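Following: one structure in structure tokens, then a few remarks.
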Amino acid sequence: MLHLRGMKLKNDLLLRTIGGETVERPPVWLMRQAGRILPQYRALRAKLSGFIELVRTPELAAEVTIQPVDELNVDAAIIFSDILVIPEAMGLPYEMVEKRGPLFPNTISSQTDIERLTSGTPAADELNYVYEAIRITKRELAGRVPLIGFCGAPWTILSYMVEGSGSKTFSKARRFLIQHPEAAHQLLDKITETSIAYLKKKIEAGVNLVQIFDSWAGILSPSLYREFALPYISRMCESIQAVPKIVFAKGAWFALPEFGQLDCEAVGLDWTVEPSWGRAQLGTQQVIQGNLDPCALYGAHDQVRTATLELINKLDARHIVNLGHGVYPDTPLDSVRTFVQTVQNYRYS
Numbered sequence: 004m005l006h007l008r009g010m011k012l013k014n015d016l017l018l019r020t021i022g023g024e025t026v027e028r029p030p031v032w033l034m035r036q037a038g039r040i041l042p043q044y045r046a047l048r049a050k051l052s053g054f055i056e057l058v059r060t061p062e063l064a065a066e067v068t069i070q071p072v073d074e075l076n077v078d079a080a081i082i083f084s085d086i087l088v089i090p091e092a093m094g095l096p097y098e099m100v101e102k103r104g105p106l107f108p109n110t111i112s113s114q115t116d117i118e119r120l121t122s123g124t125p126a127a128d129e130l131n132y133v134y135e136a137i138r139i140t141k142r143e144l145a146g147r148v149p150l151i152g153f154c155g156a157p158w159t160i161l162s163y164m165v166e167g168s169g170s171k172t173f174s175k176a177r178r179f180l181i182q183h184p185e186a187a188h189q190l191l192d193k194i195t196e197t198s199i200a201y202l203k204k205k206i207e208a209g210v211n212l213v214q215i216f217d218s219w220a221g222i223l224s225p226s227l228y229r230e231f232a233l234p235y236i237s238r239m240c241e242s243i244q245a246v247p248k249i250v251f252a253k254g255a256w257f258a259l260p261e262f263g264q265l266d267c268e269a270v271g272l273d274w275t276v277e278p279s280w281g282r283a284q285l286g287t288q289q290v291i292q293g294n295l296d297p298c299a300l301y302g303a304h305d306q307v308r309t310a311t312l313e314l315i316n317k318l319d320a321r322h323i324v325n326l327g328h329g330v331y332p333d334t335p336l337d338s339v340r341t342f343v344q345t346v347q348n349y350r351y352s
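With the numbering used here applied, the sequence shown has no gaps in its numbers, which climb one by one up to 352 at the end.
Here's what the structure looks like:
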């Protein structure tokens with residue numbers, strides 16, 4: 004068992020894999036594993052006013068974090084939270100509208116708006132409910148599996164702060180980068196410093212590793228991504244040294260060679276990337292995470308099993324099995340079980 008910061012982990016497979024050790028099988032967990040695929044989650048949500056109440060209530064966030072470990076026996080828990088707690092802590096609150104998604108009553112449109120924002124440690128200090136949820140989760144997990152902390156990448160956070168909601172194009176946010184590049188860099192800098200402070204506080208609270216989600220990476224052109232996204236992810240990776248880091252940038256296949264140079268231990272691939280091609284682009288430095296198409300879990304059990312084994316066999320033992328995006332909320336729970344069990348029954352020869 005791995006001894007890590009005062010607690011022995013009964014299942015340390017994920018950390019051994021990400022640390023480059025020889026392992027008997029790949030570890031498996033799912034992005035968005037804590038959520039609507041679980042009946043116990045739906046029952047809990049039905050009692051609450053909404054998603055944000057759940058995020059802000061440490062005891063309930065901890066309960067939801069542990070549900071998939073109990074139900075699915077996955078090899079890691081990921082703290083239940085939301086990437087948009089960062090802009091809220093900086094002074095830009097949001098709402099979560101049912102069946103629509105996040106909505107910001109106020110947005111960033113000028114230099115003055117940016118200057119009003121809090122950033123760095125003072126902003127991160129506003130998120131004590133997240134750190135308390137981590138402490139409760141660690142206590143309740145009692146070392147069963149590692150706990151993952153996460154945050155959004157700076158570009159993804161900026162896109163919501165400027166656009167004001169989700170979007171198919173994020174044209175307003177992209178226009179901001181082009182028309183106001185200096186202001187955009189100033190905002191990205193504030194988001195980055197806040198995110199670094201936030202992740203460090205999560206690590207102090209007890210997470211064993213962290214993941215950076217660049218959910219809207221693929222909405223940018225390669226040139227804009229290299230100017231307004233990659234440097235800030237790189238700074239975050241360099242600033243976090245106490246635990247391993249995973250970077251997942253959806254749609255950023257064009258930047259995989261640059262991701263191979265990041266100071267991180269693992270890179271997540273979305274489902275549009277052929278795994279062997281992704282490995283060739285990244286090089287040999289990092290572990291690959293992913294990248295089964297979430298829609299594969301709509302197949303029959305034999306189809307799920309076959310697709311999972313095909314994925315594992317395309318990669319070497321430096322592999323964390325996951326989906327190429329978050330599990331969709333209407334995915335059959337039995338299919339998720341088949342996916343997880345197929346990985347757990349696999350053995351490297």
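Quick reminder that beta carbons are idealized off the backbone N, C-alpha and C, glycines included. Fair warning: this is a prediction, and the values are worked out from it, not measured in the lab.
(1) What's the call for methionine 4, buried or exposed, on a 16-neighbour Cβ count within 10 Å?
(2) Within the stretch 235–303, note down every full beta strand (DSSP E) run reaching 3 residues or more, in order along the chain.
(3) How long is the line joining the alpha carbons of asparagine 213 and glutamate 230, rounded to whole angstroms?
(4) Could you tell me the distance, in whole angstroms, from the CA atom of aspartate 333 to the CA atom of glycine 327?
(5) Go to threonine 133, then tell me how far its beta strand (DSSP E) extends in each direction, as first and last residue.
(6) Rounding to the nearest angstrom, what Cα-Cα distance links threonine 68 and tryptophan 280 in this structure?
(7) Could you pull the start and end residues of the alpha helix (DSSP H) that phenylalanine 342 belongs to?
(8) Less than 7 Å between C-beta atoms, sequence neighbours within five positions excluded: which residues of the same chain meet that for threonine 140?
(9) What is the DSSP secondary structure of glutamine 36, counted as helix, strand or coil?
(10) Who pairs with valine 26 in a beta bridge, going by DSSP?
(11) To the nearest angstrom, how far is it from the Cα of aspartate 15 to the Cα of alanine 145?
(12) Which residues does DSSP list as the beta-bridge partners of proline 105?
(13) Output the boundary residues of the alpha helix (DSSP H) element that contains leucine 326.
(14) Would you grab the beta carbon distance between lysine 13 and arginine 138 for me? Rounded to a whole angstrom, and I think it's under 8 Å.
(15) So is the beta-carbon of arginine 308 under 8 Å away from any non-hydrogen atom of the ligand HEM?
(16) Going by the CB atoms, is the gap between glycine 94 and threonine 60 shorter than 9 Å?
(17) Can you find at least 3 beta carbon pairs, one from the stretch 311–325 and one from the stretch 19–27, that sit closer than 8 Å?
(18) Determine, using beta carbons only, whether methionine 99 and isoleucine 55 come nearer to each other than 9 Å.
(19) For valine 148, name the three-state secondary structure that DSSP assigns.
(20) Counting C-beta neighbours from all protein chains within 10 Å, is the total for lysine 171 16 or more, i.e. buried, or is it exposed?
(21) Going straight from the alpha carbon of valine 3 to that of arginine 35, what length do you get?
(22) Can the beta-carbon of leucine 180 be found closer than 9 Å to that of leucine 233?
(23) I'd like the ranges of any beta strand (DSSP E) spanning at least 3 consecutive residues and lying wholly in the stretch 44–123.
(24) At which residue ranges does the stretch 209–233 contain complete alpha helix (DSSP H) runs of 4 or more residues, listed in the order of the chain?
(25) How big is the Cα-Cα spacing for leucine 106 and threonine 195?
(26) Cα-Cα, which of Val72, Tyr301 and Val290 is closest to serine 338?
(27) Short of 6 Å in beta carbon distance, which residues of its chain neighbour glycine 9, apart from the five on each side in sequence? Order them along the chain.
(28) Going by DSSP, what residues sit across from glycine 155 in a beta bridge?
(29) Near alanine 269, what residues of its chain come up, given a Cβ to Cβ distance below 8 Å and the 5 sequence neighbours on each side ignored?
(30) For aspartate 217, which option in Ala258, Gln244 and Ala200 has the closest C-alpha, if you only look at C-alpha atoms?
(31) Could you give the first and the last residue of the continuous alpha helix (DSSP H) run that contains phenylalanine 179?
Let's see:
(1) To locate residue 4, count along the sequence shown from 1; it is residue 1. Caution is warranted here: a pLDDT of 34 is assigned to methionine 4, below 50, making its placement in the model unreliable, and the coordinate value is therefore given only provisionally. Its Cβ having fewer than 16 others within 10 Å, methionine 4 is exposed.
(2) List check, beta strand (DSSP E) in window: 248–252, 269–271 and 290–295.
(3) The count along the sequence shown starts at 1 and reaches residue 213 at position 210. The count along the sequence shown starts at 1 and reaches residue 230 at position 227. The amino acid at residue 213 is misidentified as asparagine; the sequence shows valine. Between valine 213 and glutamate 230, the C-alpha separation is close to 24 Å.
(4) In the sequence shown, the residue the question calls residue 333 occupies position 330. In the sequence shown, the residue the question calls residue 327 occupies position 324. Aspartate 333 and glycine 327: Cα-Cα distance of roughly 16 Å.
(5) Start at 1 with the first residue of the sequence shown, and residue 133 comes out as number 130. Inspection of the sequence shows that residue 133 is occupied by valine rather than by threonine. Here valine 133 belongs to no beta strand (DSSP E); instead the alpha helix (DSSP H) covers 131–144.
(6) To locate residue 68, count along the sequence shown from 1; it is residue 65. To locate residue 280, count along the sequence shown from 1; it is residue 277. Their backbone Cα atoms lie some 33 Å apart in a straight line.
(7) On the sequence shown, position 339 is the one that residue 342 refers to. Segment 336–348, the alpha helix (DSSP H) holding phenylalanine 342.
(8) Sequence index remark: in the sequence shown, residue 140 carries index 137 (1-based). Ala65, Thr68, Ile69, Ala80, Ile82 and Leu150.
(9) Position 33 of the sequence shown, counting from 1, holds the residue named residue 36. It is coil, neither helix nor strand.
(10) To locate residue 26, count along the sequence shown from 1; it is residue 23. Bridge partners of valine 26: none, in fact.
(11) Looking up residue 15 in the sequence shown gives position 12. Looking up residue 145 in the sequence shown gives position 142. Rounded to whole angstroms, aspartate 15 to alanine 145 spans 13 Å at the Cα level.
(12) Sequence index remark: in the sequence shown, residue 105 carries index 102 (1-based). Beta-bridge partners assigned by DSSP to proline 105: Met99.
(13) For this step, residue 326 is matched to residue 323 along the sequence shown. DSSP places leucine 326 in no alpha helix (DSSP H) but in the uninterrupted beta strand (DSSP E) bounded by 322–326.
(14) On the sequence shown, residue 13 is found 10 positions in, with the first residue counted as 1. On the sequence shown, residue 138 is found 135 positions in, with the first residue counted as 1. 19 Å between Cβ atoms; not a contact.
(15) In the structure on display, the ligand HEM does not appear, and there are no ligands present to speak of.
(16) One-based indexing of the sequence shown puts residue 60 at position 57. One-based indexing of the sequence shown puts residue 94 at position 91. The answer is no: Cβ separation not under 9 Å.
(17) By the C-beta criterion, the stretch 311–325 is judged to be in contact with the stretch 19–27, since at least 3 inter-stretch pairs fall below 8 Å.
(18) The residue you call residue 99 lines up with position 96 of the sequence shown. The residue you call residue 55 lines up with position 52 of the sequence shown. For methionine 99 and isoleucine 55, yes; Cβs fall inside 9 Å.
(19) As a working note, residue 148 is residue 145 in the sequence shown. If DSSP states are grouped into helix, strand and coil, valine 148 belongs with coil.
(20) Taking the sequence shown and counting its residues from 1, the one referred to as residue 171 is at position 168. When all chains shown are included, lysine 171 counts as exposed.
(21) Outside the shown range of the chain (4 to 352) lies residue 3, about which nothing can therefore be said.
(22) In the sequence shown, residue 180 corresponds to position 177, counting from 1. In the sequence shown, residue 233 corresponds to position 230, counting from 1. Their beta carbons are not under 9 Å apart, which means leucine 180 does not touch leucine 233 by this criterion.
(23) 98–100 and 104–106
(24) At a cut-off of 4 residues, the continuous stretches assigned as alpha helix (DSSP H) that sit fully inside the stretch 209–233 are 225–231.
(25) By one-based count along the sequence shown, residue 106 stands at place 103. By one-based count along the sequence shown, residue 195 stands at place 192. Near 22 Å, if we compare the C-alpha coordinates of threonine 195 and leucine 106.
(26) The residue labelled residue 338 in the question sits at position 335 within the sequence shown. Checking every option, the nearest Cα to that of serine 338 belongs to Tyr301.
(27) Start at 1 with the first residue of the sequence shown, and residue 9 comes out as number 6. At glycine 9 the pLDDT is 48, less than 50, meaning the model places this residue with poor confidence and gives no usable figure here.
(28) Numbered from its first residue, the sequence shown carries residue 155 at position 152. Its beta-bridge partners are Phe216.
(29) Against the sequence shown, residue 269 aligns to sequence position 266. Around alanine 269: Ile21, Pro247, Lys248, Ile249, Val250, Gln289, Val290, Ile291, Gln292 and Ile323.
(30) Working through the sequence shown from its first residue, we reach residue 217 at position 214. Nearest of Ala258, Gln244 and Ala200 to aspartate 217, Cα basis: Ala258.
(31) As a position in the sequence shown, residue 179 is number 176, starting the count at 1. Unbroken alpha helix (DSSP H) run through phenylalanine 179: 174–182.
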